[in-house]
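Asks: Each residue of the sequence shown is one higher than the one before, starting from 17 at the first, in the numbering used here. Glycine included, every Cβ here is placed at the ideal spot set by N, Cα and C.
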Amino acid sequence: MTQAGVAGELEPFWMPFSPNKEFKKEPRLIVRGEGMYLYAPDGRALIDASAGLFCVAAGHCRPEIAQAVFDQLKTLDYGGSFLRAHPKAFELANRITEYTPAQLNRVFFVNSGSEAVDTAMKMALMYHRVRGQAQRQIFISRERAYHGVNLGGVALAGMVNNRRSFGTGLPVVYHMRHTALPENRMVKGQPERGAELADDLNRFCQLYGAENIAAVFVEPTAGSYGCLPPPKGYL
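#1: Under 8 Å, do N200 and R209 count as touching if we go by C-beta distance?
#2: Considering only their Cβ atoms, is the gap separating P43 from L54 smaller than 8 Å?
#3: Look up M17 in the DSSP assignment and say whether it is helix, strand or coil.
#4: For A171 and V72, I'd like the C-alpha separation in whole angstroms.
#5: Is the beta carbon of S240 closer than 8 Å to that of M137?
#6: Under DSSP, the alpha helix (DSSP H) around F220 begins and ends at which residues?
#7: Can you grab the Cα-Cα spacing for the pair G148 / K248, in whole Å?
#8: Can you grab the Cα-Cα spacing for the pair A56 / W30, in whole Å?
#9: Give me whichever residues DSSP pairs with S128 in a beta bridge.
#10: Tell me the rounded alpha-carbon separation between E107 and Y250.
#11: Could you check what DSSP says for L45 in three-state terms: helix, strand or coil?
#12: What first and last residue would you give for the alpha helix (DSSP H) that runs through R179?
#13: Identify, in the order they occur along the chain, each residue of the same chain with its Cβ nearer than 7 Å to the Cβ of C243, setting aside the five sequence neighbours on each side.
#14: Using 8 Å as the threshold, is the C-beta distance between N166 and D134 below it?
#15: Could you give the first and the last residue of the continuous alpha helix (DSSP H) run that contains A67?
#16: Hey, how far is the Cα of A230 from the Cα of M139?
#17: List the endpoints of the continuous alpha helix (DSSP H) containing F106.
#18: Can you look up G242 in the DSSP assignment and give me helix, strand or coil?
#19: Use the C-beta contact count for V189: other C-beta atoms within 10 angstroms, 16 or more gives buried, fewer gives exposed.
#20: Pull up the distance between the alpha-carbon of T184 and that of A67, whole angstroms please.
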């Protein structure tokens, strides 16, 4: 496939979060990666400043990582966790709990952040139902939040355009105000102002009933509208 592309070559792939028609008129293709660089078909090196979708922090095509993946593929290429398991899953779960607080001692593996958020929502609903509190179906999130591309994450997200296409089929979510205050734009680190915005949660508990809330989702550092550290005292 050339840089210019051919309509028949590009059309079958429906790209997410992309203006497909515009992209396919002037495609921006990447053919390989190495370390922190991505390379275009003409050989130009581009710095991958966002680490892919924030998941390639170790860099692209690291030989030792590629070798570890290759070795595992030769040993066991796939091992599902429905009614059976494999030792590596337990090994990784134990290693993760070595770094988490003592009360966070269970690990549920998923394939993406979007899947993790939807799973957390399902866990919250199931937990309350098992405890006889099935009325707890309201979720609280924040404006400008981003929680993935599945239906649950889209509902939680404080990005109006992402929710607009899905109507009333989304879970019930109320959004607290964001902390991106104008006076905090040029502040280094955590700003001094804005901690009082966390009181929105108390207001929502009074307005909708704390007994009806299933869970609250808050990004420690918001990232969808730039990197927004929380004000001091907010969390």
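Replies: The relevant details are as follows:
#1: It is a contact, given that the beta carbons lie within the stated cut-off.
#2: Result no, Cβ atoms of L54 and P43 do not sit closer than 8 Å.
#3: Because M17 carries a pLDDT of 49, less than 50, the predicted location of this residue cannot be relied on, and the following value inherits that uncertainty. In this structure, M17 counts as coil in the three-state DSSP scheme.
#4: Rounded to whole angstroms, the separation of the alpha carbons of V72 and A171 is 27 Å.
#5: Contact: no.
#6: For F220, the enclosing alpha helix (DSSP H) starts and ends at D216 to F220.
#7: Roughly 37 Å separates the two Cα atoms.
#8: Straight-line Cα distance between these residues: approximately 21 Å.
#9: DSSP, once it has assigned bridges, lists no residue as partnering S128.
#10: So the two alpha carbons sit approximately 36 Å from each other.
#11: Of the three classes helix, strand and coil, the one that applies to L45 here is coil, per DSSP.
#12: Residues V176 to R179.
#13: These residues qualify, in order along the chain: T237.
#14: The Cβ atoms of N166 and D134 lie closer than 8 Å to each other.
#15: Segment A67 to F70, the alpha helix (DSSP H) holding A67.
#16: Their backbone Cα atoms lie some 10 Å apart in a straight line.
#17: P103 to T113 is the span of the alpha helix (DSSP H), which, as asked, contains F106.
#18: Residue state, collapsed to three classes: strand.
#19: Classification for V189: buried.
#20: Their backbone Cα atoms lie some 35 Å apart in a straight line.
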